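Note that our numbering has the sequence shown beginning at 86, numbered continuously upward.
Virtual Cβ for every residue (Gly too), placed ideally from N, Cα, C.
Nothing here was measured: the structure is a model prediction, and the numbers come from that model.
One structure is given here, and the rest of the page talks about it.
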Amino acid sequence: MSPSIVASGFVVKEYKVEYRTVEAGVGKEQWTERRTGRKTEFYPIEGLKPQTAYRIRVSAVCDNGALGVPSEELEVSTS
C-alpha cells in the first residue's frame, strides 16, 4: 500500500501512516498519524479497537521533508 511514485531526485526517508474509524464518517474524526521512522514496507499499527473497521492511507515523506500524495484509502477491520 505504500506510494509507488516519487518525483525524480527525491529520496523516501519514511512513511506517514494515517488511520481513523469508518463509523466516524468523512470529515467527522481527524486522522491519527504515525511515522514509520524509516523506509519500510511493513508497519504494525498498535492500539486499535477490536471488531472495528478502519480507513488507512499512507504518504511518502522525502528526505527534504516534502510529503507525497496520500495513497488510496484502504478499509480494514480488526478481529
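Leaving aside the five residues before and after residue i along the sequence, list all residues of the same chain whose C-beta is less than 7 Å from its C-beta, in chain order.
i: residue 99; result: 120, 121, 122, 123, 124, 146
i: residue 134; result: 163
Closer than 6 Å by C-beta to residue i: which residues in its own chain qualify, once you throw out the five before and the five after it? Chain order, please.
i: residue 148; result: 96, 98
i: residue 102; result: 119, 128, 143
Using a Cβ-Cβ cut-off of 8 Å (strictly less than) and excluding sequence neighbours within five positions of residue i, which residues of its own chain qualify?
i: residue 159; result: 86, 140, 141, 142
i: residue 136; result: 162, 163, 164
i: residue 151; result: 95
Just grab the DSSP bridge partners of residue i for me.
i: residue 224; result: Since the first residue of the chain shown is 86 and the last is 164, residue 224 is not available in this structure.
What residue from the options has the CA that sits closest to residue i's CA?
i: residue 138; options: 93, 104, 94; result: 104
Closer than 8 Å: is that where the CB of residue i sits relative to any heavy atom of the ligand PLP?
i: residue 94; result: This structure lacks the ligand PLP; in fact it carries no ligand of any kind.
Legend entry - 3 or more residues per run - each beta strand (DSSP E) lying fully within the stretch 86-148: DSSP runs (the beta strand (DSSP E)) wholly in the stretch 86-148: 97-106, 117-120, 138-147.
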